[in-house]
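Under my numbering, the residue at position 493 of the sequence shown is numbered 493, and the numbers go up by one with no gaps.
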Amino acid sequence: MSITVPPVSTGPLAKGEPCTLVIFGGLGDLARRKLFPAIYQLAIKDLLSPDFRIVAVGIEKQDDVSYRAAIKDALSKADDVKNFDQRVWQSLEDRVFWVTGNLTEPTVYTDLNARLVAFESKLDAKKQNRLLYLAVPPFLFEPICKYAGAAGVLPRVSDPHARPWRRVIVEKPFGKSLATAQELSKAVLSVFAEPQIYRIDHYVGKETVQNILVFRSANAIFEALWSREYISHVQITAAETVGLEGRSKYYESAGVVRDMFQNHLLQMLALTAMEPPDVPTADAIRDEKVKVLRAVKPIVVDGKTNAIRAQYTEGRIAGAAVPGYKQEPDVAATSTTPTFAAIKFEVDNDRWRGVPFYVRSGKRMAKRHSEVALYFRPAKKPMYEPCPGEGPRPNVLVMRIQPDDGIAIGFDVKIPGAALALTPGIEVAPVHMDFAYSNVFGGEVHPAYETLLLDCMIGDATLFTRSDEVEAAWRITDPLLNLWESSAEKQIPGYAAGSWGPAESDALIAAEGYSWRIP
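See the structure below:
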């Protein structure tokens, strides 16, 4: 059953403020596949200032002309760019520049700053804003921050309202453990003030992740039910059908917990469980998310944990045979790196005490699908008895993150024609009501990087993580990682590629009488 909703006018989006975007790693995969397509889309929608420009920095031998040609080629092939428009590119082309240099040598930053000053000399002082994007591996974060600060490329500015502004975007991963995250924060904060730092998690840039909080707080019918009194448990799933996609070396050192749980999935949990803030400001929202993360009970107690891990074996995806994880290039035959995990989290506060949050994620699963599903407690006094062999069906509210973004709710109704009698066997059927973003907003759902870049340009830090939030997430996952990585086990459970995970995952949730929702 589908709901028809009339088209909605959302009003114009705020245009980005004038700025120079400096991309470190300007020829990297992230810049070519995500950042420039996002900038291109912002240009199509006229959301870039006329005084917006890009200066890319990298070790490759390029000049402005050859770099522009490389980016044009990347845009023409990008998945996020449909029907490449030469006129849109021409509106950007003359605002794209290149600086060659080794990012670990201070001289490149002196040259870079000189070029920025030359650009800005033609602008009013309030338009001389700078936005640095660290689209590079984490080992380069510290030297870039150090040398950029010393050369004046991005001086420290503590006042978030100061003009011109200076901001830096730091890509994940934010460390590999609590200790390394703290070291990274210390290094970055020794150069820049916290309000200048935008730690980006592209998952939170998805419209439907943001809508978790908006949907709940804007609709009193659901906000009133958003607690342990009415909700029995919550399931969060992020399933991928892809394998390593050439990222074997990274994934071998990360695994599914670092790659998905510490950042993306704990962000989804926090947005689902947080208290609505008194005021909808960036810091107020982030304060509430931190409170949730700090209220999560330890997931390792006395060497035991409500978590399972597994690794995909050979199987079939979309009818095609795919290899197991250990058969992937650059993966050791003895690897115990998990590609799947299922974890039971508990939030120990008044709203959620006693409500388990079951979270799972894996590669090479049956379907690409991400969602948050809230299971409501059965009705206290139903007017009918369930049919023999059936238990009461819970109402389920599902917020789909991808790929078919939307919200659905299931409930029971009486089948027409059946007698109304409070006896076993009354005919009751489940129905499903579904809202799809694409039906209402069409193509107006903005890709994550487009949203996040625009937020940086207008100074909205709501969707970006603070250092205390990063560290709170690591405090949750670190003990589990330490337990698993110190284990002497030479093998971990497997699950066939194209399945929904191992039997151990089903047993984890079945221990309390539940089962995983299959989308």
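Virtual Cβ for every residue (Gly too), placed ideally from N, Cα, C. In this text the structure is predicted, and so the values were computed from the model without any measurement.
Problem set entry | Pairwise C-alpha distance: K414 and K172 | Your numbering for residue 172 matches position 172 in the sequence shown. Your numbering for residue 414 matches position 414 in the sequence shown. Using only the alpha carbons, I get a separation of about 50 Å.
Exercise. Shortest alpha-carbon distance to R520 belongs to which of R368, L397, E469, A135?
Worked result: Given a span of 1 to 519 for the chain in the structure shown, any question on residue 520 remains unanswerable.
Exercise. Closest by CA to V188, which one among I169, Y203, E105, W484?
Worked result: Mapped onto the sequence shown, residue 188 falls at position 188. Of I169, Y203, E105, W484, the residue nearest in Cα terms is I169.
Problem set entry | Candidates A342, K127, T337, A43: closest to A507 by CA position | What you label residue 507 is simply residue 507 of the sequence shown in a count that begins at 1. Among A342, K127, T337, A43, the Cα nearest to that of A507 is on A342.
Exercise. Using CA coordinates, which residue listed in K363, L266, A307, F345 is at the minimum distance from E314?
Worked result: If you number the sequence shown from 1, residue 314 lands on position 314. For E314, the nearest C-alpha among the options comes from K363.
For this session: Quick one: residues in its chain with C-beta nearer than 7 Å to the C-beta of A511, no 5 flanking neighbours on either side, listed in chain order?
Result: Here the question's residue 511 lines up with position 511 in the sequence shown. Same-chain partners within the cutoff: there are none.
Problem set entry | Reduced DSSP category for Y514 - H, G, I as helix; E, B as strand; rest coil | Looking up residue 514 in the sequence shown gives position 514. If DSSP states are grouped into helix, strand and coil, Y514 belongs with coil.
Exercise. Is G501 closer than 8 Å to A238 when the C-beta atoms are compared?
Worked result: As a working mapping, residue 238 is identified with position 238 in the sequence shown. As a working mapping, residue 501 is identified with position 501 in the sequence shown. Taking 8 Å as the Cβ cut-off, A238 and G501 do not qualify as a contacting pair.
Exercise. Helix, strand or coil: how does DSSP classify A503 here?
Worked result: For this step, residue 503 is matched to residue 503 along the sequence shown. Three-state DSSP puts A503 in a helix.
Exercise. Does DSSP put Q267 in a helix, in a strand, or in coil?
Worked result: Here residue 267 corresponds to residue number 267 of the sequence shown, with the count starting at 1. Here Q267 sits in helix by DSSP.
For this session: Would you check if the distance between the CB atom of L269 and the CB atom of W474 is smaller than 8 Å?
Result: The residue given as residue 269 occupies position 269 in the sequence shown. The residue given as residue 474 occupies position 474 in the sequence shown. It is not a contact, given that the beta carbons lie outside the stated cut-off.
For this session: Look up I415 in the DSSP assignment and say whether it is helix, strand or coil.
Result: By 1-based counting over the sequence shown, the position of residue 415 is 415. I415: coil per DSSP, three-state reduction.
For this session: Determine the direct distance from the alpha carbon of N395 to that of A429, and round the result to whole angstroms.
Result: Within the sequence shown, the letter at position 429 stands for residue 429. Within the sequence shown, the letter at position 395 stands for residue 395. Roughly 12 Å between the two C-alpha positions.
For this session: State buried or exposed for M1, treating a residue as buried only when at least 16 other CB atoms are found within 10 Å of its CB.
Result: Numbered from its first residue, the sequence shown carries residue 1 at position 1. The predicted model places M1 with a pLDDT of 42, which falls under 50 and marks its position as unreliable; any figure quoted below should be read in that light. With fewer than 16 other Cβ atoms within 10 Å, it is exposed.
For this session: Assign G498 to one of two classes, buried (16 or more other C-beta atoms within 10 Å of its C-beta) or exposed (fewer than that).
Result: Start at 1 with the first residue of the sequence shown, and residue 498 comes out as number 498. By the 10 Å Cβ count, G498 comes out buried.
For this session: Helix, strand or coil for R558, going by three-state DSSP, please let me know.
Result: Missing from the structure shown is residue 558; the chain here goes from 1 to 519 and no further.
Exercise. So is P18 buried or exposed if we call it buried at 16+ other beta carbons inside 10 Å?
Worked result: For the purposes of this step, residue 18 is taken as residue 18 along the sequence shown, with counting starting at 1. With 16 or more other Cβ atoms within 10 Å, it is buried.
For this session: Under 8 Å by Cβ, that's how I've got K72 and T100 pegged, so tell me the actual separation to the nearest angstrom.
Result: The residue given as residue 72 occupies position 72 in the sequence shown. The residue given as residue 100 occupies position 100 in the sequence shown. Incorrect: roughly 19 Å between the Cβ atoms, too far for contact.
Exercise. From the DSSP output, which residues share a beta bridge with P323?
Worked result: As a first step, residue 323 must be located in the sequence shown, where it is residue number 323. The partner list for P323 (beta bridge, DSSP) is empty, contrary to what the question assumes.
Problem set entry | Unbroken alpha helix (DSSP H) run spanning D478, endpoints | Mapped onto the sequence shown, residue 478 falls at position 478. 467–485 is the extent of the alpha helix (DSSP H) around D478.
Problem set entry | Status (buried if at least 16 other CB within 10 Å, exposed otherwise) for N306 | Taking the sequence shown and counting its residues from 1, the one referred to as residue 306 is at position 306. Buried is the call here.
Problem set entry | Sequence ranges, beta strand (DSSP E) only - wholly within the stretch 125–150, length at least 3 | 130–134
Exercise. Looking only at its own chain, which residues have a Cβ that is under 7 Å from the Cβ of Y147, when we skip the five neighbours before and after it?
Worked result: As a first step, residue 147 must be located in the sequence shown, where it is residue number 147. For Y147, where only same-chain residues beyond five positions count, the Cβ hits under 7 Å are P106, Y109.
Problem set entry | Residues that DSSP places opposite S370 in a beta bridge | Here residue 370 is taken as the residue at index 370 of the sequence shown, counted from 1. In the DSSP output, where bridge partners are listed per residue, S370 has A238, Q402.
Exercise. Looking at C-alpha atoms only, which residue of L463, P298, K176 is the closest neighbour of I285?
Worked result: Looking up residue 285 in the sequence shown gives position 285. Ranking the options by Cα distance to I285, first place goes to L463.
Exercise. N129 to L75, Cα distance in whole Å?
Worked result: As a first step, residue 129 must be located in the sequence shown, where it is residue number 129. As a first step, residue 75 must be located in the sequence shown, where it is residue number 75. One C-alpha to the other measures close to 26 Å.
For this session: List the whole-angstrom C-beta distance separating L480 from I299, where the pair is believed to meet the contact cut-off of C-beta under 8 Å.
Result: For the purposes of this step, residue 480 is taken as the residue at position 480 of the sequence shown. For the purposes of this step, residue 299 is taken as the residue at position 299 of the sequence shown. At roughly 6 Å, the Cβ-Cβ gap stays under 8 Å, so L480 and I299 are in contact.
Exercise. According to DSSP, which residues form a beta bridge with R53?
Worked result: The residue you call residue 53 lines up with position 53 of the sequence shown. T20, per the DSSP bridge assignment.
Exercise. Taking the alpha helix (DSSP H) that I71 falls in, what are its first and last residues?
Worked result: As a working note, residue 71 is residue 71 in the sequence shown. Here the alpha helix (DSSP H) through I71 covers 64–77.
Exercise. When you compare only the Cα positions, how much space is there between E489 and D29?
Worked result: Taking the first residue of the sequence shown as 1, we reach residue 489 at position 489. Taking the first residue of the sequence shown as 1, we reach residue 29 at position 29. If you take the alpha carbons of E489 and D29, they lie about 36 Å apart.
Exercise. Do you know offhand how far T10's Cα is from L213's?
Worked result: Walking along the sequence shown from the start, residue 10 turns up at place 10. Walking along the sequence shown from the start, residue 213 turns up at place 213. Residue placement at T10 is flagged as unreliable, the pLDDT there being 46, under the threshold of 50; a coordinate-derived value is accordingly withheld.
Problem set entry | Alpha-carbon spacing of Y251 relative to A379, whole angstroms | Taking the sequence shown and counting its residues from 1, the one referred to as residue 251 is at position 251. Taking the sequence shown and counting its residues from 1, the one referred to as residue 379 is at position 379. Cα to Cα, Y251 sits roughly 45 Å from A379.
Exercise. Going along the chain, which residues of its own chain have a beta-carbon closer than 8 Å to the beta-carbon of S335, five neighbours each way excluded?
Worked result: Numbered from 1 along the sequence shown, position 335 holds the residue referred to as residue 335. These residues qualify, in order along the chain: E252, Q311, Y325, K326.
Exercise. By Cβ distance, which residues of its chain are closer than 7 Å to T465, with the 5 residues on each side in sequence left out?
Worked result: As a position in the sequence shown, residue 465 is number 465, starting the count at 1. So the qualifying residues of the chain are R199, D201.
Exercise. Is the beta carbon of D405 sitting closer than 8 Å to the one on E207?
Worked result: For this step, residue 405 is matched to residue 405 along the sequence shown. For this step, residue 207 is matched to residue 207 along the sequence shown. Contact flag set, yes.
Problem set entry | Local conformation of P298 per DSSP, three classes | Locating residue 298 in the sequence shown gives position 298, where the first residue counts as 1. Residue state, collapsed to three classes: coil.
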